[in-house]
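Asks: Under my numbering, the residue at position 240 of the sequence shown is numbered 534, and the numbers go up by one with no gaps. By construction, the Cβ of each residue, glycine as well, lies at the ideal position given by its N, Cα and C atoms. All values reported here derive from a predicted model rather than from experimental measurement.
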Amino acid sequence: MITKNEILEREKRWTLIAGIASVMGVAIILATYGESSAAVRAASGFADRLREIDGDHSSLIMASIGQFVGWSLLAVPLVFLFRAAAARAPQVRGALVGVMVIAPVLIGLGSIISAGSIIEAAFDFEKEADQAAITKCVSDKVADESDSASGDESAGQTGTTGDSGTTGGSGGSVSEQQRSDFEQECEDDEARDVRAATSLAPLETGVGLAGLLGFTVAVIYVSLWSMRTGLLSRFWGSLGIALGVVFAFFTLFTLIWFIYVGLLLAGWVPGGRPPAWGAGEAVPWPKPGDPSPDEGVIEGTAEELPPDDPSNIGTFGDDPQGELRKRKKRN
């Protein structure tokens, strides 16, 4: 069994490295996001982005490599926190350390596969886009807009016989700006259909889903046991659990949590690390309502007097209560 000194020595060697890796990983992810496959997929003018990528896809490749490196670096603080918690709590399942490594790597790998899928889609869209489908889509949107904009106008007209008549309404029209927007929307829809039909699309979906689920489990599990063993405060441990649950929807906030973890491990957080880091064992946080360990302790100095010293034994006359009773009787 590993001793406390061995635990502290190992953590002393790796704490700063894990902290720097956490901060650098987040920095690389954020710096390369703008040109990454995730940003391309979220772009409103997806068809135009595919045309740009078909002409030059070097920036997409470099950004995807950066995403892979950044996400892979986050495996370092996850593994470090996992091993630190496992050394202080035998209940931690050691077999899950593989999830801490594989999950962030899969997310980064998914970014590279997604880039390949987009490059393939850019080539296919430029050469094999279904222009007939795009034209039909635009015509349908124009017809729908014209129908919604047009209205029948009724006006009663009194004839010589007193009968009332009706006049038909005029049709609506579509502006050039609206038609341009419809063309953009239809091209984007066709471009997304082309990307969904690429050969790498199923692999991208599988790897991305596995990485997403694995990373969610990793963040939740590490946050839970780091909080239970006292490696993270209740606030940051609970926040990590919550952000792990909603990681797919609030990725940025989860990355901010990793920045804090990195600063904590590197020793750059005001107040330093929690006591469990220096103790080499679990130091659980007290539950709400539990007495403080120092409660009832009075600070100061005192001198113990020998019990056989007669000067320490008070007499009846020294009792202030007795003196008070005598005064009452005299009155």
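For G556, is the classification buried or exposed, using 16 other Cβ atoms within 10 angstroms of its Cβ as the cut-off for buried?
Replies: Position 262 of the sequence shown, counted from the start, is the residue given in the question as residue 556. It is buried - the Cβ of G556 has at least 16 other Cβ atoms within 10 Å.
Asks: Pull up the CB-CB distance for A379 and S520, whole angstroms please, since I reckon it's below 8 Å.
Replies: As a working mapping, residue 379 is identified with position 85 in the sequence shown. As a working mapping, residue 520 is identified with position 226 in the sequence shown. Their Cβ separation, rounded to whole angstroms, is 5 Å, which keeps A379 and S520 in contact under 8 Å.
Asks: Following the continuous alpha helix (DSSP H) through G319, name the residue where it begins and the one where it ends.
Replies: Here residue 319 is taken as the residue at index 25 of the sequence shown, counted from 1. From DSSP, the alpha helix (DSSP H) with G319 extends over 298-326.
Asks: Please report how far the alpha carbon of S352 lies from the alpha carbon of G364, in whole angstroms.
Replies: On the sequence shown, residue 352 is found 58 positions in, with the first residue counted as 1. On the sequence shown, residue 364 is found 70 positions in, with the first residue counted as 1. So the two alpha carbons sit approximately 18 Å from each other.
Asks: So, helix, strand or coil for T492, using DSSP?
Replies: Here residue 492 is taken as the residue at index 198 of the sequence shown, counted from 1. Note: T492 maps to coil in three-state DSSP.
Asks: Just to confirm the assignment, what range does the alpha helix (DSSP H) spanning P371 have?
Replies: One-based indexing of the sequence shown puts residue 371 at position 77. 369-382 is the span of the alpha helix (DSSP H), which, as asked, contains P371.
Asks: Helix, strand or coil for W365 per DSSP?
Replies: Indexing the sequence shown from 1 puts residue 365 at position 71. Helix, per DSSP.
Asks: Determine the burial state of L503: buried for a count of at least 16 other Cβ atoms within 10 Å of its Cβ, exposed for fewer.
Replies: Residue mapping note: residue 503 aligns to position 209 of the sequence shown, counting from 1. Answer is exposed; the Cβ neighbour count stays below 16.
Asks: Candidates R382, I347, T499, D482: which alpha carbon is nearest S338's?
Replies: For this step, residue 338 is matched to residue 44 along the sequence shown. Ranking the options by Cα distance to S338, first place goes to D482.
Asks: Am I right that I514 and V539 are in contact with their C-beta atoms under 8 Å? What's the rounded C-beta distance?
Replies: Taking the sequence shown and counting its residues from 1, the one referred to as residue 514 is at position 220. Taking the sequence shown and counting its residues from 1, the one referred to as residue 539 is at position 245. About 7 Å separates the two Cβ atoms, so the contact holds.
Asks: Can you check which of these residues, I396, R486, N299, is closest to A381 by C-alpha distance?
Replies: To locate residue 381, count along the sequence shown from 1; it is residue 87. For A381, the closest of I396, R486, N299 by C-alpha to C-alpha distance is N299.
Asks: A489 and A415 look like a contact to me (Cβ under 8 Å); what is the Cβ gap, rounded to whole Å?
Replies: Within the sequence shown, numbered from 1, the residue matching residue 489 stands at position 195. Within the sequence shown, numbered from 1, the residue matching residue 415 stands at position 121. Ala is not the amino acid found at residue 489; the sequence shown has Arg there. Rounded, the Cβ-Cβ distance is 4 Å, consistent with contact.
Asks: Tell me where the alpha helix (DSSP H) around S405 begins and ends.
Replies: Start at 1 with the first residue of the sequence shown, and residue 405 comes out as number 111. Residues 391-422.
Asks: Quick check: what's the CA-CA separation for S469 versus E479?
Replies: Here residue 469 is taken as the residue at index 175 of the sequence shown, counted from 1. Here residue 479 is taken as the residue at index 185 of the sequence shown, counted from 1. Taking the straight line from one Cα to the other gives about 16 Å.
Asks: So is F476 buried or exposed if we call it buried at 16+ other beta carbons inside 10 Å?
Replies: Mapped onto the sequence shown, residue 476 falls at position 182. Classification for F476: buried.
Asks: Do you know offhand how far A409's Cα is from R387's?
Replies: Mapped onto the sequence shown, residue 409 falls at position 115. Mapped onto the sequence shown, residue 387 falls at position 93. CA-CA distance, A409 to R387, rounds to 35 Å.
Asks: Looking only at C-alpha atoms, which of V511, G524, D438 sits nearest to A536?
Replies: Numbered from its first residue, the sequence shown carries residue 536 at position 242. Looking at the Cα atoms, V511 is the closest of the given residues.
Asks: Could you pull out every residue in the same chain whose Cβ sits closer than 6 Å to the Cβ of T492, ignoring the five residues on either side in sequence?
Replies: Taking the sequence shown and counting its residues from 1, one reaches residue 492 at position 198. Cβ neighbours of T492 beyond the five flanking positions: S411, E414, A415.
Asks: Taking Cβ to Cβ, would you say V320 is nearer than 7 Å to L549?
Replies: For the purposes of this step, residue 320 is identified with residue 26 of the sequence shown, where counting begins at 1. For the purposes of this step, residue 549 is identified with residue 255 of the sequence shown, where counting begins at 1. Yes, they are a contact pair.
Asks: Compare the beta carbon distance of A570 and L525 with 7 Å and say whether it is the shorter of the two.
Replies: Start at 1 with the first residue of the sequence shown, and residue 570 comes out as number 276. Start at 1 with the first residue of the sequence shown, and residue 525 comes out as number 231. Yes, Cβ-Cβ distance for A570 and L525 is below 7 Å.
Asks: How big is the Cα-Cα spacing for I296 and M394?
Replies: As a position in the sequence shown, residue 296 is number 2, starting the count at 1. As a position in the sequence shown, residue 394 is number 100, starting the count at 1. So the alpha carbons of these two residues sit roughly 22 Å apart.
Asks: Under 7 Å, do I291 and V501 count as touching if we go by C-beta distance?
Replies: With the chain covering 295 to 625 only, the question about residue 291 has no answer from this structure.
Asks: Tell me where the alpha helix (DSSP H) around V563 begins and ends.
Replies: Along the sequence shown, one-based indexing puts residue 563 at 269. Element bounds for V563: n/a, residue is neither H nor E.
Asks: Note down the Cα distance separating E303 from W551, rounded to an integer number of angstroms.
Replies: If you number the sequence shown from 1, residue 303 lands on position 9. If you number the sequence shown from 1, residue 551 lands on position 257. So the alpha carbons of these two residues sit roughly 26 Å apart.
Asks: Starting from the Cα of K435, find the closest Cα among P398, E420, S474 and give me that residue.
Replies: The sequence position of residue 435 within the sequence shown is 141, counting from 1. When each option's Cα is compared against that of K435, the closest is S474.
Asks: If you draw a straight line from the alpha carbon of L558 to that of A423, how long is it in whole angstroms?
Replies: Translated into positions along the sequence shown, residue 558 becomes position 264. Translated into positions along the sequence shown, residue 423 becomes position 129. If you take the alpha carbons of L558 and A423, they lie about 52 Å apart.
Asks: Just the C-alpha distance for A560 and R335, rounded to the nearest angstrom, thanks.
Replies: For the purposes of this step, residue 560 is taken as the residue at position 266 of the sequence shown. For the purposes of this step, residue 335 is taken as the residue at position 41 of the sequence shown. If I take the Cα positions, the gap works out to 35 Å.
Asks: Where does K581 sit, in a helix, a strand or coil, going by DSSP?
Replies: By one-based count along the sequence shown, residue 581 stands at place 287. Three-state result, K581: coil.
Asks: Tell me which residue opens and which closes the alpha helix (DSSP H) that A333 is part of.
Replies: As a first step, residue 333 must be located in the sequence shown, where it is residue number 39. Its alpha helix (DSSP H) spans residues 331-336.
Asks: Kindly give me the distance between the Cβ atoms of S358 and S316, rounded to whole angstroms, as I take these residues to be in contact under 8 Å.
Replies: Position 64 of the sequence shown holds residue 358. Position 22 of the sequence shown holds residue 316. 21 Å between Cβ atoms; not a contact.
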